[in-house]
Amino acid sequence: MSDNSTLSELDRPNSYIGRSVPRPNIRRLLEGRGTYTDDIVLPRMAHVAFHRSPHAHAMIKSINSEAAAQVPGVIRIVTGRELAEVMTPWVGVLSHLAGMKSAPQHAIAVNQVCWQGEAVAAVVAENRAVAEDGVELIEVEYDELPVVADMETALDEGTHVIHPELGDNLIFQRELDVGDVDAAFAEADEVVEETYRFGRHTGVTTEPRIIIADYEPAEDNLTVYLSSQAPHMMKNLYAKHLDMEEDKVRVICKDVGGSFGIKVHTYADEMATVALSKLLKRPVKFLADRLESFVTDIHARDHRVKIRLGIKKDGTITGMEFDDLTGVGPYSMYPRTSGIEANQVVVLTGGPYTFKNYRAKATVVALNLNLMCQYRAVGHPIACAIAEGIVDDAARAIGMDPAEVRRKNLIPDDAYPYIANSGLTYEKLSHHQCLDKLLEMMDYDGLRQEQAELREKGVYRGIGLASMIEVTNPSPMFYGAGGAFISAQDGVTVRMDHNGGVTASTSITEQGQGADAITAQIVASSVGVDIEKVRVVSGDTEVTPYGGGTWASRATGIGGEAALRAGKQLRQNIKVIAGAMLQAEPDTLDVQGGTVVDIDTGKERLALSEVGRVVYFRGDTLPKDLQPELVVSRHYVPKEFPFTFTNGIQAFHVEVDTDTGFVKLLKCWVVEDCGTVINPQLVDGQIRGGVIQGVGGAMLEHCIYDDNGQLQNANMADYMVPMAVEMPDIEIAHCSSPTKDSELGAKGAGEAGTCGAPGAVMNAINDALSPLSAKVNNMPFTPEKVLKALGKV
Amino acid sequence: MSTLYPVTVTVNGSPVTRHVEARLSLSDFLRQELELTGTHVGCEQGVCGACTVRLDGRITRSCLVFAVQADGGEIETVEGLSDNGEIDDLQTAFHERNALQCGYCTPGMLITANELLKKNPSASRAEIREELSGNYCRCTGYHAIVDAVETTGRQRQGGAK
Amino acid sequence: MKAPSFDYVKVQSLPELLGVLVERGDDAKIIAGGQSLVPTLNMRLSAPEILIDINGLEELKGIAVADGYLRIGALTRHYELGRSDEVAAHAPLLAQALPHIAHEAIRSRGTFGGSIANADPAAELPACLLALRGRLVIAGQNGERTVDVADFFHGLYETAIEPEEVLVAAEIPVLGGGERAAFDELVMRHGDYAIVGLAAMAKADGEILSDVRLSFFSVEGKPVLAAAAADAVNGKPLNEEVLQAAQAALENDLDPLSDLYNTAATKLHLARVLTGRVLSKLASGGA
Ligand SMILES: Cc1cc2nc3c(=O)[nH]c(=O)nc-3n(C[C@H](O)[C@H](O)[C@H](O)COP(=O)(O)OP(=O)(O)OC[C@H]3O[C@@H](n4cnc5c(N)ncnc54)[C@H](O)[C@@H]3O)c2cc1C
Ligand code: FES
Ligand code: FES
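Structure follows, in structure tokens:
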């Protein structure tokens with residue numbers, strides 16, 4: 001191996017890539033010594049609490065804050081009208097989502113409140129308790145308006161229009177018609193149809209949303225500490241809406257207590273906090289407490305989909321058609337919009353299969369309910385569940401085993417690149433390999449046999465499969481093309497210090513998924529140092545390269561590639577310097593384990609600390625024409641494909657108590673192909689966490705609104721998240737089809753679990769219920785819904 | 001400002017006295033008055049378990065106790081249990097198994113799991129899941145946490161022999 | 001979610017407590033374990049001017065057996081109840097119910113008396129007390145009085161305790177010969193309040209049950225005894241037919257309230273399922 005270029009970057013000696021390295025830098029969190037934003041205290045920091053509208057829709061007639069202002073410790077009370085003088089409103093549309101419309105949204109409502117929980121006035125006080133004392137004393141007179149709370153009637157003639165200037169309550173519509181669906185159904189032996197419903201749910205990050213805005217008037221600087229996934233995006237938006245120079249804004253994300261897409265949006269109350277800091281010229285802190293988080297953290301899902309699928313007796317799917325309706329908030333969320341989830345449903349549904357006749361329609365309407373936007377796996381759980389659900393129906397209709405129907409229709413593993421019905425290209429997927437692996441891992445045949453035996457005894461167990469594709473590593477086609485300043489590229493700067501230590505600053509962000517660890521692994525491997533020698537800096541717009549952050553399963557695939565490229569170049573630079581010091585050709589050298597070695601023999605030549613010493617303190621001893629560069633930046637943006645698709649398959653095994661309607665989740669299996677796996681343990685962690693989040697939506701989680709737009713269960717006791725004892729163990733295996741778009745070959749893996757779980761759980765329940773001719777189709781599947789399906793109540 | 005009440009408690013072995021409002025929760029007292037920010041607050045209604053500490057030897061939701069009520073009491077937080085090494089093995093197992101992602105639930109999870117293992121180091125996976133069922137984790141899906149607790153239990157049993 | 005401002009006093013004796021209660025009347029609120037009260041304070045659903053901490057009252061502590069009764073002090077913590085030999089021996093129904101109440105960290109502080117006084121319709125202990133034919137000892141300015149559990153629970157969070165009174169203890173007849181206990185509940189998540197729960201007692205003579213008490217919780221605004229269902233079972237060998245008769249009779253016994261996730265019809269159905277399960281347990285020797 002004398003030619004360095006033949007040595008793959010990924011399996012260099014001592015490579016950390018592909019190893020389950022424990023995450024560096026988390027012992028802090030284990031000892032309670034992390035720094036979450038709520039742990040930060042700044043001098044003169046004030047606290048804001050908001051008076052929030054109790055009505056879902058009303059005009060504000062008057063606000064009386066006299067009594068509140070008298071409360072000792074209250075600093076200032078600010079209404080929407082006052083705040084609007086400091087901060088401009090925004091409109092959540094993207095130009096490439098044709099026809100999308102939304103109304104301007106203010107940080108604090110000015111005239112009209114459009115959902116229960118919208119902020120109406122801010123009370124800034126010395127501490128949070130006093131701020132809440134003030135909030136209680138604010139009196140607001142409202143003129144109530146008709147509440148639009150039902151998506152089915154939101155577009156009807158007589159329905160009140162939330163924003164009259166927009167003409168109607170339609171936010172966005174998308175249609176896709178490929179092939180000849182009518183002919184496909186005519187050709188089918190069976191056409192099955194079903195209507196599926198997906199309840200609204202929300203992210204419930206354990207750490208609530210939190211922000212500290214610190215405006216410093218002397219230099220017109222704004223520093224914002226934010227629990228967020230996309231600091232650069234927010235920096236731009238603060239500057240834009242406060243009419244500041246963007247260079248004067250710095251956003252810092254310390255430890256983030258979970259995000260899952262919740263913390264990547266422009267929340268009105270956070271924008272208000274930033275504006276208040278500017279207004280008051282002092283730091284202001286806002287934490288959305290658990291009562292507030294349920295009515296203001298974005299919600300997601302809430303879809304009703306009518307779907308039809310044609311199938312031949314031999315199991316060939318001929319075509320599919322569906323109509324998706326989703327009711328979002330009164331405003332489209334800024335800047336990512338509330339149209340993406342529906343758009344994803346159109347793009348992704350049926351994506352694993354070969355059928356060519358496809359007709360899809362998605363309609364997004366405005367409601368007087370809390371805003372909806374992108375939450376982990378955006379659209380995927382719906383796309384996956386409706387397709388997998390109807391495929392199982394079709395299998396039952398023709399009397400074929402569900403695994404067999406999938407085998408028959410999944411895109412063959414040798415058919416790539418493959419152009420999907422959406423027009424997007426799948427570079428390389430592995431559906432069949434994953435299916436085979438899954439069936440073997442779970443002992444599918446054994447379980448089927450056990451199922452049959454138990455049924456004889458009145459025990460109803462079910463097995464549910466869900467094949468899926470996932471969109472990861474989005475290119476600028478996702479948001480940038482629509483005019484949003486949301487970067488699809490990421491950058492990493494690596495710097496070697498005199499002692500051979502390496503610091504990597506990256507534009508991707510850490511929220512527990514292990515972005516810092518992965519960056520460290522890649523940098524350590526590509527530079528050639530021990531991982532202990534690498535420090536990672538992230539989440540600070542002042543000191544990291546510009547980039548997108550962490551969302552849409554992009555951090556590893558994009559930020560990881562930037563890290564690889566930066567690390568490689570630093571190694572090259574080191575070799576040039578070492579070559580000069582050793583009178584050797586750089587190409588005869590390598591860096592391994594923190595030492596410059598002979599590439600052929602592995603013989604140690606020079607410690608990196610020696611290179612560092614000479615570069616930083618004895619540059620005079622190096623050749624005059626050699627300018628050593630031990631800082632390197634590299635960036636990466638996916639270019640070849642708009643998205644990198646991944647695939648996988650999940651299975652759930654459940655037991656339904658047909659007396660009570662309770663469903664016990666016995667076990668879950670996942671086979672996932674996310675290309676190159678940098679750290680298997682971290683990927684598995686993402687999958688397991690994602691699966692349980694998906695199970696939450698399928699079984700428990702539901703934002704229950706009444707007809708007046710009042711959220712009925714806006715607290716942690718009544719909104720049910722999955723807890724340990726009801727959740728199953730999850731067994732995971734991997735296939736690997738690396739993307740060739742990057743040298744690293746990594747695809748995303750952050751959302752796959754959430755994507756497949758709801759469909760797999762649903763199919764398992766329906767498989768269990770099938771001998772009883774019962775079926776559920778309305779998530780979450782509470783005991784009552786199961787009992788209703790069984791005709792018992 | 002309303003009345004301030006004296007509170008004297010022993011926290012992680014050291015006595016401290018503060019004067020606080022009666023409405024100050026023990027969790028806010030620890031976090032704000034004593035700057036022991038390892039105790040996290042996730043719901044302030046006793047449901048999530050992030051604020052779990054040990055009060056007079058028993059695990060307790062610090063969001064559901066007022067600091068004044070703890071007067072004269074003994075409190076141990078994740079910082080103290082880290083310093084005295086009591087949960088070192090559990091922390092190591094959590095680290096190695098990646099039983100934490102964002103880490104927000106972790107202090108409460110560790111303290112609860114430690115309590116279980118003290119009573120029953122041979123707890124089964126089902127028992128571990130049941131005992132941890134009052135501690136919410138959104139990130140991990142629990143599986144890795146159960147693994148780490150199970151491993152630590154086995155080690156402790158081995159060590160006890 | 002910060003509690004509104006209030007004064008605080010930790011009383012040292014029963015007379016002191018009663019004095020403060022009289023003095024501050026409706027402005028005062030007793031805090032025992034705080035596991036139900038503090039969430040409502042943090043959510044500002046309740047705003048007392050003064051919180052009276054009774055955790056120092058020795059008079060309200062302790063578990064003892066005397067004169068055929070098991071006396072449980074109001075300040076007995078849930079965990080103490082769970083590990084008490086007296087309770088296990090004389091009121092096994094309570095011991096069975098206990099693991100279903102919340103979680104260990106909440107059981108560390110939550111009190112027996114707090115749970116009874118709070119009268120949450122979904123709480124386990126009030127229903128147990130009803131099935132156990134307990135009585136409540138209440139202290140006020142005029143000394144102590146005893147209220148039979150049948151007269152104690154008035155409705156949603158309402159009891160016979162007057163604003164100037166305090167619950168001192170509950171007294172439960174010790175387990176009689178041939179008496180059995182069984183408990184079951186249906187919960188979405190372990191430790192949650194139940195969708196429907198059933199605490200039951202009966203005398204058993206082989207397969208034949210008598211003096212059956214089926215005490216349901218989380219069905220109506222207060223725990224309720226299903227008399228007609230009990231009648232359907234009393235004195236008969238428990239077979240499928242008898243079970244079905246009991247389940248059918250529940251229609252006359254229960255008038256379920258719907259909740260966020262369940263209609264009244266679902267609750268009635270689940271109550272029937274539990275009835276079948278719990279009666280079978282009783283007949284087969286208790287859980
Ligand atoms: C997350 C969570 C889950 C829970 N799950 C359950 C569950 O599944 N089942 C269940 O039963 N409970 C549950 N609880 C409630 C718990 O059991 C409480 O401990 C109990 O209901 C109240 O007891 P306490 O001592 O905490 O009362 P406190 O909260 O102190 O008081 C409750 C009320 O009773 C009054 N009070 C208290 N003691 C007396 C007295 N001696 N005399 C007169 N009035 C008095 C108070 O003034 C107050 O109005 C849960 C609590 C939490 C936080
Ligand atoms: S903050 Fe105390 S239990 Fe959630
Ligand atoms: S690790 Fe994030 S909540 Fe548990």
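Chains as they are written, first to last, in the numbering used here: chain A, 1 to 793; chain B, 1 to 161; chain C, 1 to 287.
Glycine residues also receive a C-beta, built at the ideal position from the N, C-alpha and C atoms.
Rounded separation between residue i and residue j - CA only
| i | j | result |
| --- | --- | --- |
| Arg250(A) | Asp600(A) | 47 Å |
| Glu193(A) | Thr37(A) | 49 Å |
| Ala232(C) | Tyr79(C) | 36 Å |
| Thr8(B) | Val53(B) | 17 Å |
| Pro164(A) | Pro330(A) | 12 Å |
| Thr6(A) | Arg12(A) | Its pLDDT being 40, under 50, Thr6(A) is placed unreliably by the model, and the measurement read from it follows with that caveat. So the alpha carbons of these two residues sit roughly 10 Å apart. |
| Ala204(C) | Leu665(A) | 36 Å |
| Cys48(B) | Arg290(A) | 11 Å |
| Arg565(A) | Glu139(A) | 59 Å |
| Ala397(A) | Leu454(A) | 23 Å |
| Ala56(A) | Gln344(A) | 28 Å |
| Asn4(A) | Asp587(A) | Low confidence applies here, because Asn4(A) scores a pLDDT of 39, under 50, leaving its location unreliable; read the following figure in that light. Approximately 7 Å, taken between the alpha carbons. |
| Gln710(A) | Leu145(A) | 14 Å |
| Arg197(A) | Val146(B) | 33 Å |
Nearest neighbour of residue i, chosen from the options [CA to CA]
| i | options | result |
| --- | --- | --- |
| Met320(A) | Thr519(A), Val347(A), Tyr416(A) and Ala563(A) | Val347(A) |
| Gln511(A) | Ala520(A), Gly539(A) and Val523(A) | Gly539(A) |
| Gly548(A) | Ile486(A), Glu388(A), Ala584(A) and Ala580(A) | Ile486(A) |
| Gly80(B) | Thr37(B), Cys48(B), Leu116(B) and Glu96(B) | Thr37(B) |
| Leu129(C) | Ile106(C), Ala139(C), His100(C) and Phe153(C) | Phe153(C) |
| Asn236(A) | Met271(A), Ser736(A), Phe50(A) and Pro474(A) | Met271(A) |
| Val721(A) | Ile692(A), Gln712(A), Ile730(A) and Gly745(A) | Ile692(A) |
| Glu470(A) | Ile463(A), Lys428(A) and Glu453(A) | Lys428(A) |
| Pro771(A) | Thr35(A), Asp214(A), Cys434(A) and Glu456(A) | Glu456(A) |
| His241(A) | Leu166(A), Ile210(A), Ala154(A) and Pro89(A) | Pro89(A) |
Cβ-Cβ distance between residue i and residue j below 8 Å
| i | j | result |
| --- | --- | --- |
| Val654(A) | Val663(A) | yes |
| Glu175(A) | Lys306(A) | no |
| Val68(B) | Tyr8(C) | yes |
| Ala102(C) | Ser218(C) | no |
| Gly158(A) | Val71(A) | no |
For residue j and residue i, believed in contact at Cβ under 8 Å, the rounded distance
| i | j | result |
| --- | --- | --- |
| Thr326(A) | Asp302(A) | 6 Å |
| Gly817(A) | Val78(B) | Not covered by the structure: residue 817(A). The range shown for chain A is 1 to 793. |
| Ile678(A) | Gln521(A) | 6 Å |
| Ala97(C) | Ala169(C) | In fact, because the Cβ distance is near 18 Å, the residues do not count as touching under 8 Å. |
| Val256(A) | Ser293(A) | Contact doesn't hold; Cβ gap of about 15 Å is too wide. |
| Thr660(A) | Leu51(C) | With 8 Å as the limit, Thr660(A) and Leu51(C) do not qualify as a contact, their Cβ atoms being about 41 Å apart. |
| Arg295(C) | Gly110(C) | In the structure as shown, chain C starts at 1 and stops at 287, and residue 295(C) therefore has no counterpart that could be examined. |
| Thr275(C) | Ala246(C) | 6 Å |
| Pro126(C) | Pro256(C) | With 8 Å as the limit, Pro126(C) and Pro256(C) do not qualify as a contact, their Cβ atoms being about 17 Å apart. |
Notebook entry, point to check: Three or more beta-carbon pairs under 8 Å between the stretch 26-43 of chain C and the stretch 116-131 of chain B, yes or no?
Noted result: no
Note to self: Using a Cβ distance threshold of 8 Å, determine whether the stretch 730-747 of chain A contacts the stretch 633-645 of chain A, with at least three qualifying pairs required.
What the structure shows: yes
Next item on the list: Decide if the stretch 746-764 of chain A is in contact with the stretch 692-709 of chain A; the criterion is three or more beta carbon pairs, one per stretch, under 8 Å apart.
Entry: yes
Note to self: For the pair the stretch 719-734 of chain A and the stretch 56-67 of chain B, tell me if three or more CB-CB distances fall below 8 Å.
What the structure shows: Output reads no: the stretch 56-67 of chain B does not touch the stretch 719-734 of chain A.
Check: Okay, do the stretch 75-82 of chain A and the stretch 115-125 of chain A touch, 3+ Cβ pairs below 8 Å being the bar?
Finding: yes
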